[in-house]
Each structure stands twice: as structure tokens, then as C-alpha cells.
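Residue numbers (the working numbering): 43 to 1173.
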């Protein structure tokens, strides 16, 4: 015991801190999930298989992040294990102080005390909730051609009558040519604001006039717009008193067009009118912005509208129905009519309250009201970070019908203040407040309208291949299941002379025959190659299939590491006899001293000159130890999985009977040297054990166990448990009935478990993805086959012998029609819109995956290496490497094993080591390709301290210089995004600093500007459109756009449209056909017909009426659908 205590102190001293006792619920819970993970590994004893890179029962369910998650084919899931769909558990209490002073915490508390929260949507003293949400698409984005700020002061004119409007409902993604600008110094005294930012530096834009805000004002091209960018560094604009705008006193409407970034101060005030005659914390007035539902929270940040009249005791706040989408252009409208306040998001009514009434203020208080933009009047740092593309203030409460009018000129009233898509003359209306900081004026292309919402996975799914429409299309369209030849490679270790191979040639041939027979009926064939590794040192070492080397000798018996070749877990699983002192350091390996307790006989048992180390060396830190992990073997061989499936071999502990393990296609290791399949040689190519590899191949191709929805559920109320065959729960296949885990070759019948008595009939016990023996399993179902083909197209195209591009997975979709034309839209292949061209590069390739490139040449890359001076937790989890690659934490804001955390618990004691006082706990992440970045995205998935939780971020250039970005506010359920300007310095790494020892960091992504040379070989796919009957003239030429208008159609004639993708002259199979009769109704035409529940004249989700014209959950609409307008009965 004394030795253990001394070791604790030594380790802590190495971390430059003194240990301190803690009593933390979070620490206890982290231990619990780590121990649960260990128990799960132990439970695998007797299990035929496991899957690496997979969400096992100890992993948290994944929430949908913003669309930053890359590769783009992989989407986050909403729930699988510790489900958020149940009563949500709140995060541990926020520690007072953190990186901020006590005054900051007190001021946040005072903000909370001034209002009451009701049901997450309306804050009010009476806790009355009124939520009539009208779900409507809206078309209200002013045309970029509108020039100059427009105001109504006296008798002046307002919005120019010739102004046009665009749809703001689109889910705009990025500005392809916007040059980023970011304040890189944290000192607020330094004024980096006011830059006029141009777009792509390769684009030459003439300047028209000078701007006192810094730089010259560029002439904006016709298809571009100007916007304000707030960096969140206290840029506070206030309306000039000289403008003489009469701010509304009794009723008003404010419209905003914003693109907020991920991570905001809490609250982040976008715009509002505040009382400048009272204390700066006074809530008299109103504001619109972003804040968490829980005061000082770290998650669930939403758009809000708060208002307090002069006579009200407290303010009232209404919230949007879900958290805000970062880096997406969003239209907001807040209205107040003297007795009712309403918040609209993208045209849908999402919050309403009648708890405030009367005038906002009396007439003699008019001079005490100031209109602010980008923050409020206080110095508390409630600053907004992101773009403002439009602002219109009205002196009356506009209705939803006004919002939806087309064209907007039909609205006879005029706003009193309007700036939309043109901020070149912003200084005529606005001036800085106190700090003297201005937002930057940037020019950017007008965001394009998104015609159809993305096809996302269901709540229990992960990727587009879990989407029911896409899987059904693969199931019903034979051309999507055309023959695919898949390369796989057997990695066979042998001695230096080729003798003693891990598996014999006879085993390889028998197994290949079994694979061919199993998959050939489903148009999947396997192309075999054998990679012989002649290395006696590797061959003679014992390869552990399921043991983390760091667990050996950790003073706890880990069953997955218990084997004679490991010294029975370094002695942790043994009771050795006494080791006498005279036997130590005697130059002889004494086996009774060969354990961690005696430092493996003080090194004698790992000395090659003393003993046979392949039999006696159990020290995990010795390079001569007798064993090696699968991870170390893969690292040593470094065989890429980008172009072939690698099959490795490993052995079990004495307590396991593990037959195989596979890497899921959505795991970040899937296409790296750490991916592939691992098999027990005894279950490979031996009679009665050939189906093990077939089963594992099913996992590789994206198939779950058929009993996933019953035996792998987390609890009896798991929302993903399977009670009936479904494509949205369980194994996500509707043709495999629910079944418990069983090795019997018959229905289990009546089963009594902790969830009650259930009778199971017609179960898929003979399915390859069950646990029955080889003589029983013999087939895959059609839904399973569809999923396998889908994943081969989406993830594994590099494994296929055929270089033809993947097919478009769904039929084209009708988006518009006129008496003599029809417009259609189609998805890109699941792999993406770009491909690696071998014709335009003279054989030279950049070595990047085109899935990491955007069409404008922006290159995205995740960290490839990670390091931290912080000692790793003794459990073996939360290591720096967890932050390498794409994000994989499935439930943000819950403790997870898939992220780096600085928390250090020493040998299960109540002792932890706080972060050093100098710069905190640090994590350095390196990127494979140094680039001049435009954006940094950081996934911080757990926070226990108050914001700003990230104390500092340092950018490290390729020349060794550093750029400090300062402290950052983060939300655990929204990735932090930062626009960067490094003055053309290439960034090779970032360094993250925090004093929150429980923080978890999942991933970091660095994105270049447009036109990155690494994407030079990535070319957009071409699309060929076919029609039956054929086009009257010649067929349209191949095009890169994903839409087409056919102007040679006749009313009443039926047409069939298919689309093919083309890459380097190779053409894919046709898409599933669209059968269309010209003049027929369709979803999105504004007329409710047939099976439609609604029709709001668009194909977008999230506005109450889905792209399939079904009413969406979460919207409480009361009224009737009349054409495309949804009229609320109360309006």
C-alpha cells in the first residue's frame, strides 16, 4: 500500500500539480462508464464476435450535430444507448468561477432572476405556455441588388419599390468565396474590427469608394451581397441619434437574416432596443438573439425573443422549438402587438406568449431607448458571433400572412429601418458603442436556395444508408444492386523463412469458397489476395484480440487480458507466492517475482540475455514482451484499408471465446490501417466455423445483429428497442422479426426477461447475422442486402474492382412545373459530388480523399496526431488519440469514452490532479497537411465549468510561430466554429488549453479557403439525363448541376426520367426512374391531394410540413390548409 501511495505522488509531481481529494458525481460516473466498458469486454467471453469502432452498450447515443460532421456521408444519430429520448439528465452543476470571476457568475444569476422560465419556450411569472406553431415556408430575403440603407425618417421613402426578395428558408451552407477575417489577439483594447473583407483573393473586385470603417468598399457583383460579420469581440453598434428614427413604442416587428457561428456567449444579443437611462443590466426593452434554455447552461442554445415593458415586473422570453443551426442562414421575425409576442423562425411560428401587455415605454422616455446591433448596451460580453445579412424594423406587428406575401411589394406599409443584403453604407446609420469596435463588412455570394432537404437517418440510425427512403430504393431497384467485386486481403504472419504461418493455404481456400457461396446470390463477389509477412519476431509473439496493453499490470484483473503469455494480466489475475528479496536482481528470472508487484523481478524476466523473453517477459513497457495487441500489430504493418479489406488474426484470453471482430463502415478507422477485420484462426476456414467470417463481413458491410433490438437494448424503455419488424429500430431491417440472442436453431418461443414475458415467433435464427451455428445459418434478407450494397457504394468504392461511379440512389424529384415544362432535381451519389480524376492530372494525385473537398476547392481535414503532457487516466480511456479523426461521440453533453479528457483518476482512488495554474491542461492536435485555414471547427462534447470553457486556442504555423485566439465560449451540443485569418501563414497544429479537468474534446477540423491545391484533382461529377419517350430534339449534354428543366413536355403524356453519373468517361448505372405525367399533382405544388397531409409549396423539412408532405412532430398547428397557406384558426 505504501508503494502505491508513493507512486501516486510521483505521478502527480510529473503532472506539475499536487493531488487533491475530490467528491465528484462526474468523476464517479466516468469511473462507472469505464468499468461498464470493461465489464462489457469481459462479458464477451463466450460471444462469437464483437465490432471495433462500434457503439456498444457503454457508449452514448449520438445527437445530430450541425452539418460540419465529415465525411459528409456520415450523419450523427440521435439515440442508441443512454437515450436522450427518455427524461433527459442534466449535466453536472456548473462550477462557480471556472475561467471567469465571481462577478460574471453573479451577473448571470441576476439575468436569471429577472425572468421566469416556462416549459423551455415561454418565460413568464404565471408559467403559462402558449405554443401555436404555424409551419410555413417563407420567401423573404431581399434581393442583393437593393442598394444602401433605407430608413423612414419624417417623410422619407423606405424600401425601394423595385426590390426583389429571395427565399430565406433554404439551408444555406457556406459562402464559397468569402475570405475569413478574425481578431487573433484576445486583448479587447486592440481594434481589429472594421476590415472590409473581400472574397476569394484570386477574384479581382474593383473598389468604388472609401469606408471610414477601414479599407475601401468593393463594388459588389450582381450575384453577390454584403453582410456584417461580428467576431464576438464586443463589437457593439448603436443606431445614430442623427438618423432620427422613431423607435416603435407600442407595437413592432423585427426581421433578421443571420448566419450564427457555433459557440456563442450566453446570451448572445443579435439586436434589440434597450433602456440607456437605467442600470446596464436592466431588461426593460426587447432583444432577439441566442441563449440556452437553462440560465448559464452549456447546451440547447436556441433563438430567443425577450421583452419587458416599463410596467412589467419581469421579462418574458419565447424560444425557438429546437437549438439553432450553426453556419446556416436563418430568417427570424419577432413581433409584438401590445398584448402578444411571437417568434418566427424561417417562416414557422415557433413561440408565442401573451404575458406582456401595454406600451413598451411612455412617450417621455423615448430618449432613453437605443437600438443596438451585435450586443446589448452592457459591458458583460453578451456579443453575437456570426453574420447579419439583413435587418428590417417595422412599426406594426406583421402577421404570418404578411411574411408570406409574394411579391413583398404587395405589402402597402413601409418599414422604418431596412438594410438587406447591402451594408456598404452601414456607417450612415450605425456607430460603435464604447469600445470603438466595428464588425467587418464582407462580400459573399447570395446563398443558393436548397430545393430538397437532405435525406437524414432515422433517430436510431447513423448514415444515409439507414434512411428508409434510400434503403427502400436499394431494395426495390435492381440496378442499385448490380454485381460488385470486393477486394479483401488475408494478412498471414509466418517465420522469416515462411514456415509456421498463422493460417494454412487450405484454410484460406475453404474460407474463400464459403464466402463466395454466401455472397454470390446477392451480387457481391470477393476477390482474394494473400499478404505474407515473414517476421519471426512478430509471429512468435502472442497477439491479443481484445486487450488494451495499458491494462496489463494496472492492479486490477482484466479478464480480456488474462492469459499465460501475459503473465495472467501482469500478475493481476494471479495470487503469487512470496518473492524473497534475495531472489531479486540476481540475474535470474524468478517466476514467483514476475509480476507488477515486484516490477517483473526488477527486469530480469525481460532481459534477453537472462531468459527466453517470448515466454517470460510480461512487462507492458518492455520492447521484448511476449505479447502484442491487435492495434500494435496493425500499427507495425501499416496496411491501408483504403483500397482493400484487411483480415488480421489474433487470439483470445483464457476467459474468452471471441471468434471475430469487425470495424463498422461509419467508424473513423474504417478506411485506415487500424480498420479491417480480426479473426480467431480457429474460426477461420475450419469445418463448422466458416460462417464466422461471413458474419463479420456482414458487420463490415453495415449489418447489425438480428437481436440488436431485443438483447442489445439498454433498458425496457429504450426507444430503439424492436417490438415489431421495423426499418427504424433494432437492426433497421423490416424483414427480420424481433428476437433475443440465441444459439438454438429454432424459435425461442416464450421468453421471460427483466422486461416481462414475450413470445417470439418466426424469428430469423437461420440468418447469417444471428448467433446460431454454421449448420443453421444460410441467408441474408432483402433489407440486409440493400444495406450492404448501399454501404459498398457510400464507403467502400475503393475496394471495388469496377471503377464506375456509384449510381444515384433515389429517383429524380419534381420541384416545379408549368403548362409546358417540368423541373426535376436529383441527389448526388452517396459518395459525394466530386471524384478523383486521373485524366486531368497527368497521373499525379494529391493523396487526399475527394470526400474531404467541397466543390469550390475548400479542403477539410481532421487532426491526424494528438499529444498531451497530461498523464493518461489509468483506465486506459480518454487518451489524446480519441481526439484524432472525425467526431464519434454519440451523445454530446454526456460523459463518453470516445473523447479526450484531462481528468486523471489514479488507481481508483478519490484523488485527481487539477489542471496547472499556468496554462491549464493542454492538448496539441496536428494535421497531416499544413494549409492556410479559413475555419477551425472544434467538437467540445462535455463541459463542467462555466464559459468560456476553452481558456485559449493557439494556432501553430508550419514555421513554428503561434497565433493566440483567446478564450472561447462553447456549447457541448454544437461544434465551435471560428473564422480565421492567419495572414497567409499555413497552420500545422493547434493547441487547446482548458482549466476544466472534466472537459471532453472529440475532434477538430481545419478547413482551407477556396481553391486549395490539395483538391485540384477532385472534379465534379457529370450527369446525363435520359427520358422515355426520348427527347424530341437531341438529348441534353452532360451537366454538373443537379437539376434540369424539360421544356418539351405535353400535358397528359407520361414520361420516365433517369439520371446517370459520369466520371472520367465512365458512366454509372441509371438511377431509379421517375414516372411523371405532365400536369399531375406533386408534393410541393401547394395543393393537398391524395396521401398528402399538407403541402407548403416546398420540399424542405423543419417547417411543419416535411419534404414528403407529412405533418412534422413538434409543431402544434391549429387550422386548415388552404392551397399552400396554413391559416391559424386563432389568427
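For each residue, glycine too, the CB sits at the ideal point set by N, CA and C. The structure presented is a predicted model; accordingly, all values stated were derived computationally and were not measured.
Inset, instruction - Along the beta strand (DSSP E) that carries residue 963, what are the first and last residues, could you check? - result: 963-973
Legend entry - Nearest candidate by alpha-carbon position, reference residue 760, set 863, 1009 and 502: 502
Legend entry - Start-end ranges of the alpha helix (DSSP H) lying completely within the segment 504-543, minimum 4 residues: 510-518
Inset, instruction - Closer than 6 angstroms by C-beta to residue 1217: which residues in its own chain qualify, once you throw out the five before and the five after it? Chain order, please. - result: What the structure shows of the chain is the stretch from 43 to 1173, and residue 1217 is not part of that stretch, so it cannot be assessed.
Inset, instruction - State the CB to CB distance for the pair residue 1102 and residue 1110, rounded to an integer number of angstroms; the pair is presumed to be in contact (CB under 8 angstroms). - result: 5 angstroms
Legend entry - Cα-Cα separation, residue 469 to residue 313: 17 angstroms
Legend entry - For residue 1154, the three-state DSSP class (helix, strand or coil): coil
Legend entry - Which residues DSSP lists as bridging residue 297, in chain order: 375 and 434
Inset, instruction - Assign residue 719 to one of three DSSP states: helix, strand, or coil. - result: strand
Inset, instruction - Spell out the partners DSSP gives residue 338 in its beta bridges. - result: Answer by DSSP bridge pairing: none, since residue 338 is not bridged.
Legend entry - Touching by the beta-carbon criterion (3+ pairs, under 8 angstroms), the segment 719-730 and the segment 795-810: no
Inset, instruction - Can you tell me the Cβ-Cβ gap for residue 1038 and residue 1009, rounded? I've got them flagged as a contact below 8 angstroms. - result: So it is not a contact: roughly 12 angstroms between Cβ atoms.
Legend entry - Inter-residue Cα distance where the pair is residue 561 and residue 567: 6 angstroms
Legend entry - Continuous beta strand (DSSP E) assignments of at least 3 residues falling wholly in the segment 1014-1100: 1018-1021, 1029-1036, 1042-1050, 1060-1062, 1064-1070 and 1085-1088
Inset, instruction - Starting from residue 696, follow the alpha helix (DSSP H) in both directions and report where the run begins and ends. - result: Looking at the DSSP string, residue 696 is not in any alpha helix (DSSP H), and its letter there is neither H nor E.
Inset, instruction - For residue 814, count neighbouring C-beta atoms within 10 Å of its own C-beta (all shown protein chains included) and say buried if the count is 16 or more, exposed if not. - result: buried
Legend entry - Counterpart residues of residue 331 in DSSP-defined beta bridges: 311 and 346
Inset, instruction - In the DSSP assignment, find the beta strand (DSSP E) that holds residue 586 and state where it starts and stops. - result: 584-586
Inset, instruction - Note the first and the last residue of the continuous alpha helix (DSSP H) segment covering residue 909. - result: Run containing residue 909: none in the alpha helix (DSSP H); it sits in the beta strand (DSSP E), 907-909.
Legend entry - Whole-Å CB distance - residue 662 paired with residue 594, under 8 angstroms assumed: 5 angstroms
Inset, instruction - State the CB to CB distance for the pair residue 816 and residue 688, rounded to an integer number of angstroms; the pair is presumed to be in contact (CB under 8 angstroms). - result: Rounded, the Cβ-Cβ distance is 24 angstroms, inconsistent with contact.
Inset, instruction - Specify, as a first and last residue, the run of the alpha helix (DSSP H) that residue 556 falls within. - result: 547-561
Legend entry - Check whether residue 918 and residue 893 have beta carbons under 8 angstroms apart: no
Inset, instruction - Within 10 angstroms of the Cβ of residue 708, are there 16 or more other Cβ atoms? Answer buried if so, exposed if not. - result: buried
Legend entry - Start-to-end residues for the alpha helix (DSSP H) that takes in residue 791: Unbroken run through residue 791 is the beta strand (DSSP E), 791-795; no alpha helix (DSSP H).
Inset, instruction - Report the option in 1000, 727 and 753 whose CA atom is closest to the CA atom of residue 554. - result: 727
Inset, instruction - Would you kindly report the start and end of the unbroken alpha helix (DSSP H) that includes residue 823? - result: Counting along the chain, residue 823 falls outside any alpha helix (DSSP H), and DSSP gives it neither H nor E.
Inset, instruction - State yes or no: is the C-beta of residue 581 within less than 8 angstroms of the C-beta of residue 656? - result: no
Inset, instruction - Quick one: measure Cβ to Cβ for residue 419 and residue 347, integer angstroms, because I've assumed they're closer than 8 angstroms. - result: Actually they do not touch by this definition, with Cβ atoms about 18 angstroms apart.
Inset, instruction - Please confirm whether residue 849 and residue 521 have their CB atoms less than 8 angstroms apart. - result: yes
Legend entry - Coil, strand or helix - residue 624 by DSSP: helix
Inset, instruction - Run the CB neighbour count on residue 788, radius 10 Å, all protein chains shown included, and call it buried at 16 or more, exposed below. - result: exposed
Inset, instruction - Ignore the nearest five residues each way along the sequence and tell me which others in residue 776's own chain have a CB closer than 8 angstroms to its CB. - result: 767, 768, 769 and 825
Legend entry - alpha helix (DSSP H) segment containing residue 737, residue limits: 733-742
Legend entry - Distance CB(residue 414)-CB(residue 280) smaller than 8 angstroms: yes
Inset, instruction - Output the distance between the C-alpha atoms of residue 1006 and residue 977, rounded to the nearest integer angstrom. - result: 15 angstroms
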